[in-house]
Amino acid sequence: MTLSASTSQAVDLRVQPVDAVLDRVARSLQVRFLPETVVRKRRTVGARTDRETWVRIERRLLDKITDQGWNGAECAARLDRVAQPAWQGCVVWRDTNEPVMWRADETDLLPAHPIGNAILSEAPELPDEWWDGLNASLDALTAHRTRRLATPDTQTITQASVTESIRVVFSGDFDTTVQRWVPAHADLNWANITAPVFSLFDWEDWGNAPQGLDSASLWGSSLAVPSLADRVRHERRRDFESRDGKLMTLFACSKMLGPYAHPADPRSEPARRMAEQVIEELQAD
Numbered sequence: 000m001t002l003s004a005s006t007s008q009a010v011d012l013r014v015q016p017v018d019a020v021l022d023r024v025a026r027s028l029q030v031r032f033l034p035e036t037v038v039r040k041r042r043t044v045g046a047r048t049d050r051e052t053w054v055r056i057e058r059r060l061l062d063k064i065t066d067q068g069w070n071g072a073e074c075a076a077r078l079d080r081v082a083q084p085a086w087q088g089c090v091v092w093r094d095t096n097e098p099v100m101w102r103a104d105e106t107d108l109l110p111a112h113p114i115g116n117a118i119l120s121e122a123p124e125l126p127d128e129w130w131d132g133l134n135a136s137l138d139a140l141t142a143h144r145t146r147r148l149a150t151p152d153t154q155t156i157t158q159a160s161v162t163e164s165i166r167v168v169f170s171g172d173f174d175t176t177v178q179r180w181v182p183a184h185a186d187l188n189w190a191n192i193t194a195p196v197f198s199l200f201d202w203e204d205w206g207n208a209p210q211g212l213d214s215a216s217l218w219g220s221s222l223a224v225p226s227l228a229d230r231v232r233h234e235r236r237r238d239f240e241s242r243d244g245k246l247m248t249l250f251a252c253s254k255m256l257g258p259y260a261h262p263a264d265p266r267s268e269p270a271r272r273m274a275e276q277v278i279e280e281l282q283a284d
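So the sequence shown is numbered by numbering that gives the first Met the number 0: it starts at 0 and just counts up by one.
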């Protein structure tokens, strides 16, 4: 099965025909998709089924699939005390015409709506119980053990990649060595969390990462709303006060201030101020 495109890298599922892919998945999982529910993104397609489940279909280049595979959603099903939609099953196949694999994961429906886009411009109304749910799930996640490595943006996070990301943007006499690696969702932003009932979804990239990666990622996606960013830092202060959490804050800031940053990003200036503060703290340690 293939999609017409000049190169495999150029495929964008928002504009390419996906009917054949949906038909194949529907036959394999023995479901019927509700056409009005189909959501198309650059490399994924999702839809609700007639048995009240959700199917997420992802297209991934072979060189973006590490030795650990790409069964994150399936492996996350064993995570205890982490609020997430229950995983039901999957179908995986290799494209016969391109260096690409396809994977479709079926899960329970979300218990509530996603909060918004990855980066918020307005503060959502989140009760204290919601924050309690966030803290309980993230704390439970870090208490687990796994051999998986986190792959944020499909790139495996390593000590070398952390150091490079930070040093490309920030100078200063401080050590970038990570002390503690713990399980992380690795794509924690407001598009992957529900409210008013807390639930965390899209587990494709989870695995071991520096302590504080998830907290710093959520803070970074909140930075255009200062009160929300402050609340994230308050709720996850144990992460942010740790040395690794400070490194992850710089790691998050590097994405907003680095060579690929958008010049009009409203988060740039607060990220710069926070980075200066964190560097001073790391140098004082």
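No residue lacks a Cβ here, since even glycine has one placed at the ideal position from N, Cα and C.
Task: the stretch 189-198 in contact with the stretch 111-126 per 3-pair CB rule at 8 Å - done: yes
Open item on the list: If you measure between the beta carbons of Ser185 and Thr162, is that distance less than 8 Å?
Closed with: Residue numbering aside, residue 185 sits at position 186 when the sequence shown is read from its first letter. Residue numbering aside, residue 162 sits at position 163 when the sequence shown is read from its first letter. Correcting the residue identity first, residue 185 is Ala in this sequence and not Ser. Not in contact: Ala185 and Thr162 (Cβ atoms no closer than 8 Å).
TODO: Check Pro110 in the structure and name its three-state DSSP category.
DONE: Position 111 of the sequence shown, counted from the first residue, corresponds to residue 110. Pro110: coil per DSSP, three-state reduction.
TODO: Can you give me the Cβ contacts of Arg232 inside the same chain, cut-off strictly under 7 Å, excluding the 5 residues immediately before and after it?
DONE: Mapped onto the sequence shown, residue 232 falls at position 233. So the list reads Trp218, Phe239, once near-sequence residues are dropped.
Open item on the list: Please tell me whether Ser160 has its Cβ less than 8 Å away from any Cβ of chain B.
Closed with: The structure shown contains no chain B; it is built from a single protein chain.
- [ ] Could you check which residue in Arg55, Ser220, Gln210 has the C-alpha nearest to that of Lys40?
- [x] Here residue 40 corresponds to residue number 41 of the sequence shown, with the count starting at 1. Selected option, being the one with the closest Cα: Arg55.
- [ ] Identify which residue in Glu275, Gly115, Asn134 has its Cα closest to the Cα of Asn188.
- [x] Locating residue 188 in the sequence shown gives position 189, where the first residue counts as 1. Nearest option by C-alpha distance: Gly115.
Open item on the list: Determine whether the beta carbon atoms of Leu140 and Leu78 lie at a separation below 8 Å.
Closed with: For the purposes of this step, residue 140 is identified with residue 141 of the sequence shown, where counting begins at 1. For the purposes of this step, residue 78 is identified with residue 79 of the sequence shown, where counting begins at 1. Going by C-beta atoms, Leu140 is nearer than 8 Å to Leu78.
TODO: Tell me, to the nearest whole angstrom, how far the beta carbon of Val90 is from that of Leu28; I am working on the premise that it is less than 8 Å.
DONE: Here residue 90 corresponds to residue number 91 of the sequence shown, with the count starting at 1. Here residue 28 corresponds to residue number 29 of the sequence shown, with the count starting at 1. With a Cβ gap of about 6 Å, Val90 and Leu28 count as contacting.
Open item on the list: By the DSSP assignment, the alpha helix (DSSP H) with Gly71 in it spans what residues?
Closed with: Your numbering for residue 71 matches position 72 in the sequence shown. 71-75 is the extent of the alpha helix (DSSP H) around Gly71.
Task: Separation of Glu57 from Ser7, as counted between CA atoms - done: Here residue 7 corresponds to residue number 8 of the sequence shown, with the count starting at 1. Here residue 57 corresponds to residue number 58 of the sequence shown, with the count starting at 1. Its pLDDT being 45, under 50, Ser7 is placed unreliably in this model, and the value from its coordinates should be taken loosely. Straight-line Cα distance between these residues: approximately 14 Å.
TODO: State the CB to CB distance for the pair Leu315 and Gly206, rounded to an integer number of angstroms; the pair is presumed to be in contact (CB under 8 Å).
DONE: Summary: the structure shown does not reach residue 315, with the chain confined to residues 0 through 284, and so no result is reported for it.
Task: Test item: CB-CB of Val109 and Ser198 under 8 Å - done: As a working note, residue 109 is residue 110 in the sequence shown. As a working note, residue 198 is residue 199 in the sequence shown. In the sequence as displayed, the identity of residue 109 is Leu instead of Val. Result yes, Cβ atoms of Leu109 and Ser198 sit closer than 8 Å.
Open item on the list: With H, G and I counted as helix, E and B as strand and the rest as coil, what does DSSP make of Val20?
Closed with: Position 21 of the sequence shown, counting from 1, holds the residue named residue 20. Three-state result, Val20: helix.
TODO: With DSSP as the reference, please indicate the residues paired to Glu57 in a beta bridge.
DONE: One-based indexing of the sequence shown puts residue 57 at position 58. Paired residue(s): Thr43, Arg102.
Task: Unbroken beta strand (DSSP E) run spanning Pro209, endpoints - done: If you number the sequence shown from 1, residue 209 lands on position 210. Residues 206-209.
TODO: For the alpha helix (DSSP H) containing Thr162, list its first residue and its last residue.
DONE: Looking up residue 162 in the sequence shown gives position 163. Taken as a continuous stretch (DSSP letters only), the alpha helix (DSSP H) holding Thr162 covers 158-168.
TODO: Kindly give me the distance between the Cβ atoms of Gln210 and Gly171, rounded to whole angstroms, as I take these residues to be in contact under 8 Å.
DONE: Translated into positions along the sequence shown, residue 210 becomes position 211. Translated into positions along the sequence shown, residue 171 becomes position 172. Rounded, the Cβ-Cβ distance is 21 Å, inconsistent with contact.
Task: Per-residue DSSP class, three states only, for Gly115 - done: If you number the sequence shown from 1, residue 115 lands on position 116. Residue state, collapsed to three classes: coil.
- [ ] Might you give, ordered along the chain, the residues of its own chain that have their beta carbon closer than 7 Å to the beta carbon of Glu51, omitting 5 neighbours on each side?
- [x] Position 52 of the sequence shown holds residue 51. Only Leu108 meet the Cβ criterion.
Open item on the list: Could you tell me the alpha carbon to alpha carbon distance between Thr1 and Trp69, rounded to whole angstroms?
Closed with: As a position in the sequence shown, residue 1 is number 2, starting the count at 1. As a position in the sequence shown, residue 69 is number 70, starting the count at 1. With a pLDDT of 47 at Thr1, under the threshold of 50, the modelled position of that residue is not reliable, and the figure given next carries that caveat. Between Thr1 and Trp69, the C-alpha separation is close to 20 Å.
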